[in-house]
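Structure first, commentary second.
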Amino acid sequence: MQSVLVIGAGLAGLAAARRLADVGVHVTILEARDRVGGRVHTRRDSRLPIPVELGAEFVHGTPKAIWNIIQRENLFAGSLEGDNWCSENHVLKKCNEFWKQWGKVASELKRGKTYPDRSFSEFIETSGVDAAAKRSATEFVEGFNAARADLIGVQFLASAQETSDRDSGDIPFRIFTGLDAIVHALGRFDESVVDIHLNTPVSEIEWRKGYVRAGNFEARSAVITLPLGVLQSGAVRFTPPLAEKDQAARELVMGHVVKVILAFHTAFWEERGLTNLSFIHARGESFPTWWTTRPVATPILVGWAGGPPAEWLSLKRPELILHEAIRSLASALKVDAHALERRIEASFVADWQADPFSLGAYSYVPVGGITAPVILAEPISDTLFFAGEATNTEGNAGTMHGAIQTGYRAAEEFLSLAWHPQAA
0 MQSVLVIGAG LAGLAAARRL ADVGVHVTIL EARDRVGGRV HTRRDSRLPI
50 PVELGAEFVH GTPKAIWNII QRENLFAGSL EGDNWCSENH VLKKCNEFWK
100 QWGKVASELK RGKTYPDRSF SEFIETSGVD AAAKRSATEF VEGFNAARAD
150 LIGVQFLASA QETSDRDSGD IPFRIFTGLD AIVHALGRFD ESVVDIHLNT
200 PVSEIEWRKG YVRAGNFEAR SAVITLPLGV LQSGAVRFTP PLAEKDQAAR
250 ELVMGHVVKV ILAFHTAFWE ERGLTNLSFI HARGESFPTW WTTRPVATPI
300 LVGWAGGPPA EWLSLKRPEL ILHEAIRSLA SALKVDAHAL ERRIEASFVA
350 DWQADPFSLG AYSYVPVGGI TAPVILAEPI SDTLFFAGEA TNTEGNAGTM
400 HGAIQTGYRA AEEFLSLAWH PQAA
């Protein structure tokens, strides 16, 4: 039976294995972690009323790559709706007008004002919106894309915005049973066709045309789904080296994200008049964004630091990160931090830069790097195929559906270029 190694059991790796297994290709998946799912990490705890997500959390819009699975598996998904509240200079008020302001910025992004490429910081300074909208847009771009506004390119942002608009990407959906339902749906394999080896990190991939070896495992081809941060680190060596891939990886940036989940005894913010709360935007805080678990009402708030705020928090002790999260939330809600801490039932910290098997959250394209994902995605000698959100060239980098799309794409490339049905 013709065989393929899949390096990594995140969404891209599982999607590639799924497509290959469906046509009878034998697949061996090598995963460094003790679980599948990669940067999707659902946590269940007896102290929590619902599962929580330490990694990816939302389905952005209605992309087919995700919704086909939701519908096939009969999963229950709901949109996160409610009020946005902003906290600045010790004043907390509703700020539901943000999306209207962002719409003006997004329209300018898409109107061809992206050539030559330039940073979002440069772009927004010459845009037609007022100073307050410029500041809000910059904070949104940095937080949502886990990026620095002075690095991220407007060509990348324009492509992402166009794709998001097609899929109603401004509407976040939550899968109530947990995102690992998507992982399990993709990873439900016939054991006679797919072998999964957990706790199996790869340090070297030896290859030549028609042959790949990783540790004790050999195959005729491989699908490489290593996160960008791992590719950039050199933790996995290719023999012989892949100079062009290495250069393309270094032209991209791995974004920083730190997440904190706080489960309280009660939803005390409702007592303070925030009865329809979806998001809190805490300008200037270490954790500038918080959200609830709506449309399910629970006493849980999720703190998000992406981009520059996360760069400061990254790789610090979990206790310090938790302390900063509590302080930030207390400041935003104008409550005493010690009193808030006493209300906490359970807490979880996720620093994706500290994870040796991701070394960051998700990728973005800086100024001048728009062709790098294309180069990163190209197959080599009909033997090595590449997937993962950083290889997405359709405007979906940094998303779950983008990762899944690349897994399907890499599998189709193998089937087109290297599969010999008579050998199956």
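With the first letter of the sequence shown counted as 1, position 400 gets the number 399 in numbering that gives the first Met the number 0; the numbers rise by one all the way through.
C-beta: ideal position from N, C-alpha, C; glycine also.
query = Within 10 angstroms of its Cβ, does residue 258 collect 16 or more other Cβ (buried), or is it exposed?
reply = buried
task = Tell me, please, whether the CB atom of residue 259 is closer than 8 Å to any CB atom in chain D?
result = Any reference to chain D falls outside this structure, which holds one protein chain only.
query = On the three-state DSSP scale, how would you describe residue 110?
reply = coil
ask   = Under the three-state reduction of DSSP, which class applies to residue 92: helix, strand or coil?
value = strand
request  = Consult DSSP for residue 61 and reduce its assignment to one of helix, strand or coil.
outcome  = coil
message = Can you list, in chain order, the residues of its chain with a C-beta nearer than 6 Å to that of residue 381? Leave out the 5 residues immediately preceding and following it.
response = 416, 417
query = If you follow the beta strand (DSSP E) that residue 258 is part of, which residue opens it and which one closes it?
reply = 256–263
task = Within 10 angstroms of the Cβ of residue 15, are there 16 or more other Cβ atoms? Answer buried if so, exposed if not.
result = buried
task = Apply the 10 Å Cβ neighbour rule to residue 48 and answer buried if 16 or more other Cβ atoms are within range, or exposed otherwise.
result = exposed
Three-pair Cβ contact test at 8 Å for the segment 248–265 versus the segment 362–376 = yes
task = Return the chain-ordered list of same chain residues with a C-beta closer than 6 Å to the C-beta of residue 58, the five sequence neighbours on each side being excluded.
result = 65, 172
ask   = When the Cα of residue 10 is compared with those of 238, 226, 345, which residue comes out closest?
value = 226
ask   = Ordered along the chain, which non-local residues of its own chain (more than five positions away) have a Cβ less than 7 Å from that of residue 247?
value = 371, 374, 375
inquiry  = Let's test the definition: count the other Cβ atoms within 10 Å of the Cβ of residue 0 and tell me whether it reaches 16, buried, or not, exposed.
reply    = Residue placement at residue 0 is flagged as unreliable, the pLDDT there being 44, under the threshold of 50; the coordinate-derived value follows with that caveat. By the 10 Å Cβ count, residue 0 comes out exposed.
ask   = Hey, would you say residue 347 sits closer than 8 Å to residue 260, going by beta carbons?
value = yes
request  = Would you mind stating whether residue 213 and residue 255 have Cβ atoms separated by less than 8 Å?
outcome  = no
request  = Work out the CA separation of residue 90 and residue 149 for me, nearest whole Å.
outcome  = 29 Å
query = Hey, which unbroken runs of the alpha helix (DSSP H) at 4 residues or more fall wholly within the segment 13–88?
reply = 63–71
key: Element boundaries [alpha helix (DSSP H), containing residue 405]   = 399–416
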